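Numbering (our numbering), first residue to last: 44 to 510.
Even glycine gets a Cβ: it sits at the ideal position worked out from N, Cα and C.
In this text, all values refer to a predicted model and were calculated from it rather than measured experimentally.
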Ligand SMILES: NC(=O)c1ccc[n+]([C@@H]2O[C@H](COP(=O)([O-])OP(=O)(O)OC[C@H]3O[C@@H](n4cnc5c(N)ncnc54)[C@H](O)[C@@H]3O)[C@@H](O)[C@H]2O)c1
């Protein structure tokens, strides 16, 4: 029995399937959720990774990546031997009927996707596949990558006979990854092989049949799940289009927030009014410091690169990216404006260091970029986060952090709120700042209690509003 506390009956494992699945990159955000989800559907899963530290934690049902509700389900799956964790890539490949590739595809300096990890596992697959295997690319990869993987495997193997390569892009949102696995908005599968398509249908069948696998209140397993079968190019491009669109909404609302500020509007009311339009909806319409994190920025840059490589000028997407860069500078200007000409030794508190609320992921967090910009101008920065303090310490050992919001506020000359964690909405402002000198508060998310700020005579700025 693993050490994690077991939430009794959280998981109702389905009858064991005949399908053996290997997940390469199985200790990452996408790989872990994919492996756990597929194991919960009754498949036998081996999750392989090169990160020994993460593997060791996972064998003990502890996850280095934060996902609500994941550890108890993982614990149950380990106890019934439905999932295991290994660094043995050749063994994982040889024992699997389907291999899910979930390795990282970060940005290269020129914006293109770095496919080195995908290529490395493709070469291993080429050398180890010994029976018909469906290779499922879950990593976000630019159009053309499925052909690259197919070409590598074809150096030793015959497509259609020894293997098929399928695109099955992932749409999970960090922080609600399990919900997105068990009740996904859609599943998209791209292939020209009917044999491989059948295997994918079999893998996802328990979900599509509406079986309730996890018994937790926050997952509505009864919803019908749209299942889209298409060609590989369209599947890959759908993923990039989705992230480019989400990024566009964020840049759009930040632009509206900028205009609103100039003309005396209230961005909170504008967002509410926009979101009520069923053609628009409320998602991804909160103004803020801009989009960061592991996906939106890198995927937008990769799509722009692909467009350029194909002689297409993506003027809109370039504008989305430029607007995002501008946003960080505007927040920086607000801070400088409050502190006068020099930031040297000025105390600035940053609330929210992960790339968004509800996650411990600090990869490409704009809060971290803001910290670096402030540090480079000599400011003394202190930070708080609800979930990501360990990750911040690893990434930025010189950034002073505290798990207590009140410690971070004490002595601060400027306080910048960067995400919408509920602890920030409930702040007791009475002891913030220096003795007799309240801080200037920059609320980039419009989440603070304005009445509480006013009651404590704290000067403030809410992004997108003149009030
Ligand atoms: N994080 C998200 O929210 C999200 C959502 C949808 C899609 N994606 C895409 O999924 C992919 C993975 O993203 P992630 O956030 O899970 O990244 P991650 O860095 O958390 O996970 C990648 C894992 O791959 C492992 N790895 C690297 N090289 C390997 C190799 N040669 N063999 C085996 N394992 C190897 C790493 O150790 C790591 O554990 C990316 O393409 C990303 O764009 C991510």
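Helix, strand or coil at residue i according to DSSP, with G and I counted as helix
i           : result
residue 387 : coil
residue 398 : coil
residue 496 : helix
residue 505 : strand
residue 175 : coil
residue 225 : helix
residue 285 : helix
residue 345 : helix
residue 232 : strand
residue 206 : strand
residue 353 : coil
residue 268 : coil
residue 309 : strand
residue 490 : coil
residue 188 : helix
residue 162 : helix
residue 128 : strand
residue 67  : strand
residue 373 : helix
residue 144 : strand
residue 483 : strand
Own chain partners of residue i with C-beta closer than 7 Å, once the 5 adjacent residues on each side are dropped
i           : result
residue 468 : 490, 491 and 492
residue 49  : For residue 49, the predicted structure reports a pLDDT of 41, less than 50, and the residue's modelled location is therefore unreliable. The matter cannot be settled from this model.
residue 239 : 177, 207 and 209
Residue burial classification, residue i (beta-carbon count within 10 angstroms, cutoff 16)
i           : result
residue 363 : buried
residue 387 : exposed
residue 332 : buried
residue 81  : buried
residue 337 : buried
residue 511 : The structure shown does not extend to residue 511, since the chain is modelled only from 44 through 510, so no value can be given for it.
residue 443 : exposed
residue 51  : In this prediction, residue 51 has a pLDDT of 48, which is less than 50 and means its spatial position is unreliable; nothing more can be read from the coordinates.
residue 385 : exposed
residue 465 : exposed
residue 421 : exposed
residue 487 : buried
residue 198 : exposed
residue 152 : exposed
residue 280 : buried
residue 481 : buried
residue 77  : buried
residue 509 : exposed
residue 246 : buried
residue 212 : buried
Residues of its chain near residue i, where Cβ-Cβ distance is below 6 Å and the 5 sequence neighbours each way are ignored
i           : result
residue 87  : 63
residue 296 : 328 and 330
Neighbourhood of residue i by C-beta distance below 8 Å, restricted to the same chain and skipping five residues each side
i           : result
residue 351 : 357
Residue-chain proximity (residue i, chain B), Cβ-Cβ < 8 Å
i           : result
residue 359 : Absent from the structure is chain B; it holds one protein chain and no more.
C-beta contact flag for residue i and residue j at 8 Å
i           : j           : result
residue 425 : residue 448 : no
residue 93  : residue 130 : yes
residue 106 : residue 98  : no
residue 251 : residue 270 : yes
residue 278 : residue 210 : yes
residue 325 : residue 507 : no
residue 405 : residue 374 : no
residue 57  : residue 84  : yes
residue 123 : residue 168 : no
residue 194 : residue 286 : no
residue 132 : residue 91  : yes
residue 69  : residue 145 : yes
residue 459 : residue 505 : no
residue 156 : residue 184 : yes
Say whether the region 396-408 touches the region 425-441, bearing in mind that this needs 3 or more beta-carbon pairs closer than 8 Å, one atom from each stretch.
-> yes
Pairing CB atoms from the region 188-198 with CB atoms from the region 217-229, are three or more of them under 8 Å?
-> no
Counting pairs of Cβ atoms below 8 Å between the region 171-179 and the region 199-213, do you hit three or more?
-> yes
Examine the Cβ distances between the region 308-319 and the region 341-348 and report whether three or more of them are shorter than 8 Å.
-> no
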